[in-house]
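Below is one structure, written out as structure tokens; comments come after it.
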Amino acid sequence: MSADTDRTSGRSSLPDSQPVIEFRHAGYKLPNGRVLLHDLNLAVQRGETLVLLGRSGAGKSTALKLINRMLEPSEGAVLVEGRSTLERDPIELRRRIGYVIQEVGLFPHFTVEQNISLVPRLEHWPEERIRARVAELLQLVSLDQQEFVRRYPHQLSGGQRQRVGVARALAADPPILLMDEPFGALDPLTRAEVQCEFQELQRRLQKTIVIVTHHVAEALLLGDRIGVIDAGALVGLYTPKDFMSATEPVTAAYTANVRMFEKLEGPG
Amino acid sequence: MNLLEYFARHHREILQATLEHVWLVGIAMLLAVAVGVPLGVLVARRPWLAKPILGGANIAETIPSLALFGFLLPVPWLGDRAERIAIAALALYALLPIIRNTAAGISGVDAAIRDAARGMGMTDRQILLQVELPLSFSTMLAGIRVATVLTVGIATIAAAVGAGGLGEFIFRGLAMVNNQLILAGAIPAALLALVADFLLGVCERRWQPARS
Chain G
1 MSADTDRTSG
11 RSSLPDSQPV
21 IEFRHAGYKL
31 PNGRVLLHDL
41 NLAVQRGETL
51 VLLGRSGAGK
61 STALKLINRM
71 LEPSEGAVLV
81 EGRSTLERDP
91 IELRRRIGYV
101 IQEVGLFPHF
111 TVEQNISLVP
121 RLEHWPEERI
131 RARVAELLQL
141 VSLDQQEFVR
151 RYPHQLSGGQ
161 RQRVGVARAL
171 AADPPILLMD
181 EPFGALDPLT
191 RAEVQCEFQE
201 LQRRLQKTIV
211 IVTHHVAEAL
221 LLGDRIGVID
231 AGALVGLYTP
241 KDFMSATEPV
251 TAAYTANVRM
261 FEKLEGPG
Chain S
1001 MNLLEYFARH
1011 HREILQATLE
1021 HVWLVGIAML
1031 LAVAVGVPLG
1041 VLVARRPWLA
1051 KPILGGANIA
1061 ETIPSLALFG
1071 FLLPVPWLGD
1081 RAERIAIAAL
1091 ALYALLPIIR
1101 NTAAGISGVD
1111 AAIRDAARGM
1121 GMTDRQILLQ
1131 VELPLSFSTM
1141 LAGIRVATVL
1151 TVGIATIAAA
1161 VGAGGLGEFI
1171 FRGLAMVNNQ
1181 LILAGAIPAA
1191 LLALVADFLL
1201 GVCERRWQPA
1211 RS
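Chains as they are written, first to last, in the numbering used here: chain G, 1 to 268; chain S, 1001 to 1212.
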């Protein structure tokens, strides 16, 4: 992918200092009054990868869905590229934001090619451009084009499905990528493999990425910054280096967990 | 005179009645699908409409068919011609399985797939037409299959209001206490139901979505 396409589709006229995604006292509660997320203040800079770490049900997926307006904040505001999500057309907004979920959500009745080209087709790209883009993306996620374009999702392994999911999210070259437990359904070895590939991809594409996970190792590997979310609130925000020396109790519980494994690997 | 001879001698009339029968059922099914599928979508999309719609279709199902044909007689336009009454009544009977299976098919689409579709910026309409309906197609077909078999049977009663079809033989046979006549209507009707069941079953399996 050339830097040019990045500039035309991704970079808007915003000054570089302005965050691409910003939560301002953002919160979300269910119609029944249960608060899932409260007073979240957080800014994600251009080209940065932010990892939201927390237990299941802590509110991290809720935060993610506020960004592409799958949910609307019940308090405060969420700004994407300087504008409140509520001011933007949700369809148009979502097409500028890649979205990868744990279960992948590939369409079982679509081939790999049709799955990947979904957003370009919705955007009425010309056929040759779509074909070229699919080839480019398959190469990007290390899948052989000849072998895979005509296959259906059920003919792929878990890791291959995940790669197709990432390719699909990147198809229209969105400036922002949201990933909800993207590697959660994979076995540990495949996960490590796909994570490393993704790290490489990150370096090359320079997207603004928000990843939700409950794996500390994944957070440390992929995040430029790590936000720890617990019971609907952000309890800490760290660089991977600071993370290991944090004293905040929830974060400390995570680091203790990491150290336990390090001890197993230590000289013995 | 045995049954085979009877069939051989009257094959023209039997064929004629069979075609009438197929025509009645075919038009009724087209109508029922055209109405039932959108209603099924509505049931899946708007849970508060599920009760009234399914309830209504359920009530239609419980009306004895002979009575339903009678009820429709005084309806303007519909009552002018026997075939119209027959087709309307048959379509009404076919509705319930079609509505129910369409709704079940759509509700059965994996939440992750719907979530991904929404997250990628598909409109509700695109999600329905490109994702939900194609993925529920085989479930919908199963409903259409049940409805068709049902309708082939009920259509024999349409002869009571003079709409023709294989029921003609059955009613005439009953009136004349002639078993051959009854069988001349009943056997082709049964075969018709079996053929419809088989063909739609083949379609259903062919459109089965691949499981991941």
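Yeah, the Cβ is synthetic: ideal placement off N, Cα and C, and Gly gets one too.
Note that the structure is predicted; figures quoted are calculated from it, not measured.
- By the Cβ test, the region 1088–1098 of chain S is not in contact with the region 145–152 of chain G, since fewer than three Cβ pairs between them sit closer than 8 Å.
- Taking 9 Å as the upper bound on Cβ-Cβ separation, chain G lies near residues D1115, A1116, A1117, R1118, G1119, M1120, G1121, M1122, T1123, Q1126, Q1130, V1131, P1134, L1135, F1137 of the region 1115–1145 of chain S.
- Look at the region 1084–1116 of chain S: the residues with a C-beta under 9 Å from a C-beta of chain G are D1110, A1111, A1112, I1113, R1114, D1115, A1116.
- The DSSP assignment places complete beta strand (DSSP E) segments of no fewer than 3 residues inside the region 158–240 of chain G at 176–180, 208–213, 225–230, 233–238, in order along the chain.
- Within the DSSP secondary-structure output, G27 (chain G) pairs in a beta bridge with G:E75.
- In chain order, A1116, G1119, M1120 make up the part of chain S whose C-beta sits under 8 Å from the C-beta of Y99 (chain G).
- A distance of 7 Å or more separates the beta carbons of A1147 (chain S) and V1131 (chain S).
- Counting other Cβ atoms within 10 Å of its Cβ, N32 (chain G) stays below 16 and is therefore classed as exposed.
- Beta-bridge analysis with DSSP links L50 (chain G) to G:V210, G:R225.
- Taking 7 Å as the threshold, the shortest C-beta distance from R95 (chain G) to chain S falls below it.
- Residue environment for N68 (chain G): buried (at least 16 other C-beta atoms within 10 angstroms of its C-beta).
- Scanning the region 1024–1111 of chain S for uninterrupted alpha helix (DSSP H) segments of 4 residues or longer gives 1047–1062, 1065–1072, 1082–1107, listed from N- to C-terminal end.
- Beta-bridge partners of R1012 (chain S) (DSSP): none assigned.
- The continuous stretches of beta strand (DSSP E) do not include N32 (chain G), and DSSP gives it neither H nor E.
- The Cβ of H124 (chain G) sits no closer than 7 Å to any Cβ of chain S.
- Put simply, the backbone Cα of L1072 (chain S) is about 11 Å away from that of E1083 (chain S).
- When 7 Å is used as the limit between beta carbons, G105 (chain G) is near these residues of chain S: A1112, I1113, D1115, A1116, in chain order.
- For G98 (chain G) and P174 (chain G), the gap between their C-alpha atoms comes out near 6 Å.
- Taking a contact to require three or more Cβ pairs closer than 8 Å, the region 79–90 of chain G and the region 49–61 of chain G do not qualify as touching.
- For V119 (chain G), the nearest CB of chain S lies under 7 Å from its own CB, placing it at the interface with that chain.
- In the DSSP assignment, G98 (chain G) falls within the unbroken beta strand (DSSP E) covering 97–101.
- Here the alpha carbons of M179 (chain G) and A1028 (chain S) stand approximately 49 Å from one another.
- Note that the region 233–243 of chain G does not touch the region 198–215 of chain G; fewer than 3 beta-carbon pairs, one per stretch, sit closer than 8 Å.
- Closer than 7 Å to the CB of I91 (chain G) there is at least one CB belonging to chain S.
- The shortest C-alpha to C-alpha distance from A192 (chain G) to any of G:L30, G:A217, G:G105, G:G223 is the one to G:A217.
- Remark: C-beta atoms of R163 (chain G) and V104 (chain G) do not approach each other more closely than 7 Å.
- When the Cα atoms are used, L1096 (chain S) and L1192 (chain S) turn out to be separated by approximately 21 Å.
- DSSP lists no beta-bridge partner residue for R259 (chain G).
- The beta carbon of R95 (chain G) is closer than 8 Å to those of V119, L122, E123, A172, P174 in its chain, skipping five residues each way along the sequence.
- Remark: C-beta atoms of Y28 (chain G) and L42 (chain G) do not approach each other more closely than 7 Å.
- Look at the region 56–84 of chain G: the residues with a C-beta under 9 Å from a C-beta of chain S are K65, N68, M70.
- The C-beta of S157 (chain G) has fewer than 16 other C-beta atoms within 10 Å across all chains shown, which makes the residue exposed.
- Residue pairing from DSSP places A43 (chain G) in a beta bridge opposite G:E22.
- CA-to-CA, the gap between I1053 (chain S) and V1109 (chain S) works out to about 21 Å.
- Straight through space, the alpha carbons of A1155 (chain S) and A1184 (chain S) are spaced by roughly 15 Å.
- With 16 or more other Cβ atoms inside 10 Å of its own Cβ, Q102 (chain G) counts as buried.
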